[in-house]
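Protein chains in written order, with my numbering: chain A, 79 to 345; chain B, 150 to 456.
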Amino acid sequence: MSAVAVTTSSLDRALSVTEWHARSYKRTWRATITTAFLNPVFFLLSVGVLLGKLIDDDQAALGGLSYVEFVAPGLLAATAMQTGANDAMWPVMAGIKWLRTYHAVLATPVRVGELVLGTMGWAAIRVLSAAVIFTVVAAVGGAIVSPWAILAPFAALLCGLAFNAPITAFSASLEGGDDGWFPALNRFVLIPMFLFAGAFFPVSQLPDWLEPVAWVTPLWHGIELCRGLTAGSIEALPAIVHVAYLSAIVVVGTLVAVHFHRRALLK
Amino acid sequence: MSGSPLIEARGLTKRFGEFTAVDGIDFAVERGETFGFLGPNGAGKTSTMRMISAVSPVSGGTLRVLGLDPAVDGAAIKARMGVVPQQDTLDFELTVYENLLVYGRYFGLPKDVIKARAEELLDFVQLQERRESKVEPLSGGMKRRLTIARGLINEPELLLLDEPTTGLDPQARHVLWDRLYRLKQQGVTQVLTTHYMDEAEQLCDRLVVMDQAKIVAEGSPRELIERYTQREVVELRFPEGVELNGKLDDLGERVEVLANRVLISTDNGDATAHTVHERGIAAESVLVRRSTLEDVFLTLTGRTLVD
Numbered sequence: 079m080s081a082v083a084v085t086t087s088s089l090d091r092a093l094s095v096t097e098w099h100a101r102s103y104k105r106t107w108r109a110t111i112t113t114a115f116l117n118p119v120f121f122l123l124s125v126g127v128l129l130g131k132l133i134d135d136d137q138a139a140l141g142g143l144s145y146v147e148f149v150a151p152g153l154l155a156a157t158a159m160q161t162g163a164n165d166a167m168w169p170v171m172a173g174i175k176w177l178r179t180y181h182a183v184l185a186t187p188v189r190v191g192e193l194v195l196g197t198m199g200w201a202a203i204r205v206l207s208a209a210v211i212f213t214v215v216a217a218v219g220g221a222i223v224s225p226w227a228i229l230a231p232f233a234a235l236l237c238g239l240a241f242n243a244p245i246t247a248f249s250a251s252l253e254g255g256d257d258g259w260f261p262a263l264n265r266f267v268l269i270p271m272f273l274f275a276g277a278f279f280p281v282s283q284l285p286d287w288l289e290p291v292a293w294v295t296p297l298w299h300g301i302e303l304c305r306g307l308t309a310g311s312i313e314a315l316p317a318i319v320h321v322a323y324l325s326a327i328v329v330v331g332t333l334v335a336v337h338f339h340r341r342a343l344l345k
Numbered sequence: 150m151s152g153s154p155l156i157e158a159r160g161l162t163k164r165f166g167e168f169t170a171v172d173g174i175d176f177a178v179e180r181g182e183t184f185g186f187l188g189p190n191g192a193g194k195t196s197t198m199r200m201i202s203a204v205s206p207v208s209g210g211t212l213r214v215l216g217l218d219p220a221v222d223g224a225a226i227k228a229r230m231g232v233v234p235q236q237d238t239l240d241f242e243l244t245v246y247e248n249l250l251v252y253g254r255y256f257g258l259p260k261d262v263i264k265a266r267a268e269e270l271l272d273f274v275q276l277q278e279r280r281e282s283k284v285e286p287l288s289g290g291m292k293r294r295l296t297i298a299r300g301l302i303n304e305p306e307l308l309l310l311d312e313p314t315t316g317l318d319p320q321a322r323h324v325l326w327d328r329l330y331r332l333k334q335q336g337v338t339q340v341l342t343t344h345y346m347d348e349a350e351q352l353c354d355r356l357v358v359m360d361q362a363k364i365v366a367e368g369s370p371r372e373l374i375e376r377y378t379q380r381e382v383v384e385l386r387f388p389e390g391v392e393l394n395g396k397l398d399d400l401g402e403r404v405e406v407l408a409n410r411v412l413i414s415t416d417n418g419d420a421t422a423h424t425v426h427e428r429g430i431a432a433e434s435v436l437v438r439r440s441t442l443e444d445v446f447l448t449l450t451g452r453t454l455v456d
């Protein structure tokens, strides 16, 4: 047998993990296409277009936007949140506990940080492709105002990763393998954010004491960023704050995720 | 090729909190040999294997694998090693062939190299016909063979096998043993754990017997049997509740009384069996067999390997 010199970089190894997820996804994409693509488009149609026609009298409250123009970037950010979050729950637990495929990865030169980053890399591809498709559909449906919207999928990507990274950390920290946490996370964290963090109405509509709570949620920052871009109303300083806030969550979430993966996999 | 051992452990220790899973063991594995850890479940075999495969930090002592320190050069060690874990870690979403492709990429191997090796390996583990099949419906023996093929994709110098045939039927076990023997002939150093004495006898050039986190004996299967047992064993079965009152105690070098069974170690099994008969001891069955590693373990620990 011939000897082949193996010198790989960290990036190569992380990408080999991304490639694995992409290959696996080819077999399961039908199951995820509903949540990733169809549901947001149905929402846009029912809430944005059909319900929106009843609401369009008060465009001033929506910053001069029609309702569908207002809600489309909200749904874009929410789709990114859901996609980023879903990939961080059951698949991570399967890799660590149920199918133990992450153990197989770590039997090779791939390091634990590369495993986490490569897996997040695949989540990023999923979020970004869902965001691009949704933005195109929204544009075709007349829900996009500004050419800045071309950057909106990247804003959505950042929003999706701000959920993917910390939830990945959370999933890896569940040593007992208790997936009962995931439906609870959906019901009590993600769905309330989806409903109240500014996707469907301006958060100024919330009671005064609740409004600051909305400002803390990553989804609100993601929605503000996406809406600023699709509506063309984006301003530098708020944009920098949103990007910095979401980026900080991604960085801290990733570091904590690596820590918990190490604890779970390298005992 | 250097003469230094492929794996060398001195005082190797693994602790999980208060619990000591591996308690200061010493061993060395030479290039080209098949080396075994024999012992019951919970003896510390898997913990030892995980330390060797650089996925479990050493708690004490020193460990060198391929001349390198796993704590420092884990990735370099893993690049030259193949691992067949006790529990399957195959990707059920992928086909047999894709499992090999994906795995080769973790080693940074070029696609054409992986493809060529995957073909050879599918032939070697006799799964060429199932290459496009998903993993889930494969039998236990096929899955284990695929895991072995996967562990060989980087052409490792060292292959680690943790309980390679646990849970397989006898026929699947023999197919697997045959493949592992072929690998040995090709010069691949193998380290395996098992709690089956027949597996250890079949495969291992040399082995250590582990019990309660410690190594209790070391040698080739033949040496261990000669050192710790007589040549043969007379195995008597008795119905529940029979009182022997020491009637058999003088019959062999060692007499082990187990539930429903008495094992007499002796140099001449037939003569001993004859004496048992002469004394009018009514056993349900009398079996004369050669001594095995199971008897070695019984002598060393007073317990059987498989409870």
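For every residue, glycine included, the Cβ atom is placed at its ideal position computed from N, Cα and C. This one's a predicted model, so the numbers in the text were calculated from it and none came from an experiment.
Taking the C-alpha atoms as reference points, what is the distance between proline 206 of chain B and aspartate 172 of chain B? 14 Å
At least one CB of chain B closer than 8 Å to the CB of threonine 308 of chain A: is that the case? no
Taking the alpha-carbon of glycine 336 of chain B as reference, which of B:Gly152, B:Glu306, B:Phe387 has the nearest alpha-carbon? B:Glu306
Output needed for alanine 158 of chain A: all residues of its chain with C-beta closer than 6 Å, excluding positions within five of it in sequence on either side, in chain order. Val205, Ala209, Ala234, Cys237, Gly238
Identify the continuous beta strand (DSSP E) that holds lysine 363 of chain B and give its terminal residues. 363-368
For aspartate 318 of chain B and glutamate 443 of chain B, the rounded distance between their alpha carbons: About 20 Å.
Go to serine 434 of chain B, then tell me how far its beta strand (DSSP E) extends in each direction, as first and last residue. 434-439
Name the residue from A:Leu143, A:Ala100, A:Ser311, A:Arg101 whose alpha carbon lies nearest to the alpha carbon of phenylalanine 279 of chain A. For phenylalanine 279 of chain A, the nearest C-alpha among the options comes from A:Leu143.
Per DSSP, cross-strand counterpart(s) of glutamate 384 of chain B: B:Leu412, B:Leu436
From which residue to which residue does the alpha helix (DSSP H) around lysine 194 of chain B run? 194-201
If you measure from the beta carbon of aspartate 272 of chain B to each beta carbon in chain A, is any gap under 8 Å? no
Note down, in chain order, all residues in the segment 89-120 of chain A with a beta-carbon under 9 Å from any beta-carbon belonging to chain B. Asp90, Arg91, Leu93, Ser94, Val95, Glu97, Trp98, Arg101, Ser102, Tyr103, Lys104, Arg105, Thr106
Hey, is tryptophan 287 of chain A close to the ligand GTP, as in C-beta under 7 Å from one of its heavy atoms? Annotation note on the ligand GTP: not contained in the displayed structure, which lists no ligands.
Within-8 Å CB hit, arginine 254 of chain B to chain A: yes
At the level of alpha carbons, what is the spacing between leucine 217 of chain B and valine 204 of chain B? 14 Å
Leaving out the 5 sequence neighbours to the left and right, which residues in its chain are closer than 6 Å to threonine 450 of chain B when beta-carbon positions are compared? Asp360
Taking any Cβ of chain A, which residues in the segment 212-245 of chain B have a Cβ under 7 Å from it, in chain order? Ala224, Lys227, Ala228, Val232, Pro234, Gln236, Thr238, Asp240, Phe241, Glu242, Leu243
Just how far apart, CA to CA, sit proline 187 of chain A and tryptophan 107 of chain A? 29 Å
Cβ of valine 214 of chain A within 8 Å of any chain B Cβ: no
Taking just the CA atoms, how far does valine 336 of chain A sit from glycine 191 of chain A? So the alpha carbons of these two residues sit roughly 6 Å apart.
Looking at the C-beta of proline 187 of chain A, does it have a partner C-beta in chain B at a distance below 8 Å? yes
With a threshold of 16 other CB atoms inside 10 Å of the CB of arginine 199 of chain B, please say whether the residue is buried or exposed. Burial state of arginine 199 of chain B is buried, judged by a 10 Å Cβ sphere holding 16 or more other Cβ atoms.
Measuring only between beta-carbons, confirm whether glutamate 384 of chain B sits less than 8 Å from chain A. no
Quick one: grab the DSSP three-state call for phenylalanine 273 of chain B. Annotated three-state conformation of phenylalanine 273 of chain B is helix, per DSSP.
What number of angstroms, rounded off, separates the C-alpha of phenylalanine 148 of chain A from the C-alpha of leucine 184 of chain A? 46 Å
Which listed residue (B:Ala265, B:Asp327, B:Glu304) has its alpha carbon closest to that of arginine 294 of chain B: B:Asp327
By how many angstroms is the C-alpha of phenylalanine 165 of chain B removed from the C-alpha of alanine 92 of chain A? 30 Å
Give the range of the alpha helix (DSSP H) segment to which leucine 258 of chain B is assigned. Counting along the chain, leucine 258 of chain B falls outside any alpha helix (DSSP H), and DSSP gives it neither H nor E.
In the segment 122-198 of chain A, which residue ranges form an unbroken beta strand (DSSP E) of at least 3 residues, counting only runs that do not cross its ends? none
Specify the secondary structure class of isoleucine 327 of chain A as computed by DSSP and reduced to three states. helix
Run through DSSP, which three-state label would glutamate 375 of chain B get? The answer is helix: DSSP assigns glutamate 375 of chain B an H, G or I state.
Does the Cβ of leucine 116 of chain A have 16 or more other Cβ atoms within 10 Å, making it buried, or fewer, making it exposed? exposed
Look at the Cβ atom of isoleucine 374 of chain B, then the Cβ atom of valine 445 of chain B, and state whether they are nearer than 8 Å. yes
Might you give, ordered along the chain, the residues of its own chain that have their beta carbon closer than 6 Å to the beta carbon of glycine 199 of chain A, omitting 5 neighbours on each side? Thr96
Is the shortest distance between the beta-carbon of threonine 197 of chain A and the beta-carbons of chain B less than 8 Å? For threonine 197 of chain A, the answer is no, since every Cβ of chain B falls outside 8 Å of its Cβ.
Whose C-beta lies closer than 6 Å to the C-beta of leucine 385 of chain B among residues of the same chain, with five residues either side of it excluded? Val411, Ala432, Val435
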